[in-house]
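**Q** One structure, pasted below without further comment.
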Amino acid sequence: MIYSKERRLEVLADAEQGMTTRLIALKHNCSESWVRRVKQEYREQGKVAPATKRKRIPKWHAIADDLQLIVQRHPDLTLKEIKQELGTELCVATICKALKALRLTLKKKS
Numbered sequence: 001m002i003y004s005k006e007r008r009l010e011v012l013a014d015a016e017q018g019m020t021t022r023l024i025a026l027k028h029n030c031s032e033s034w035v036r037r038v039k040q041e042y043r044e045q046g047k048v049a050p051a052t053k054r055k056r057i058p059k060w061h062a063i064a065d066d067l068q069l070i071v072q073r074h075p076d077l078t079l080k081e082i083k084q085e086l087g088t089e090l091c092v093a094t095i096c097k098a099l100k101a102l103r104l105t106l107k108k109k110s
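Take the sequence shown: its letter number 56 is residue 56 in our numbering, and every next letter is one higher.
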């Protein structure tokens, strides 16, 4: 759970008044480890605000164009065959996630 900056400031204020970690955790209905982490982050980095979400680019993003071309040309390939065609180190599950994210479907020839 992510706690607000205000809640973190309240925890730090209680710590400055000399309250123990356990009492602070009980007062704010949170874990002792979270209280220790807030105090440590403030002590070492001067940080009070919660961490922001990272926007990580998926590993398959670099091969998205190639993936689309392969599926257009060969819609009947299996995931394993697509992996071989791409010549990538990505696992089959990652390629499957990429296909779903790109809204590409594989069609089998009947």
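We put the beta carbon where it would ideally sit given N, CA and C, even for glycine.
1. How about Leu102 and Gln68: are their beta carbons less than 8 angstroms apart?
2. Which of the three DSSP states is assigned to Gln45 in this structure?
3. Report the option in Lys53, Gln40, Leu23, Lys47 whose CA atom is closest to the CA atom of Glu6.
4. Just how far apart, CA to CA, sit Arg37 and Thr20?
5. Nearest by alpha-carbon distance to Arg43: which of Asp66, Arg8, Thr52, Arg56 is it?
**A** In short:
1. In contact: Leu102 and Gln68 (Cβ atoms closer than 8 angstroms).
2. Gln45: helix per DSSP, three-state reduction.
3. Looking at the Cα atoms, Lys47 is the closest of the given residues.
4. If you take the alpha carbons of Arg37 and Thr20, they lie about 14 angstroms apart.
5. For the residues Asp66, Arg8, Thr52, Arg56, the minimum Cα distance to Arg43 belongs to Arg8.
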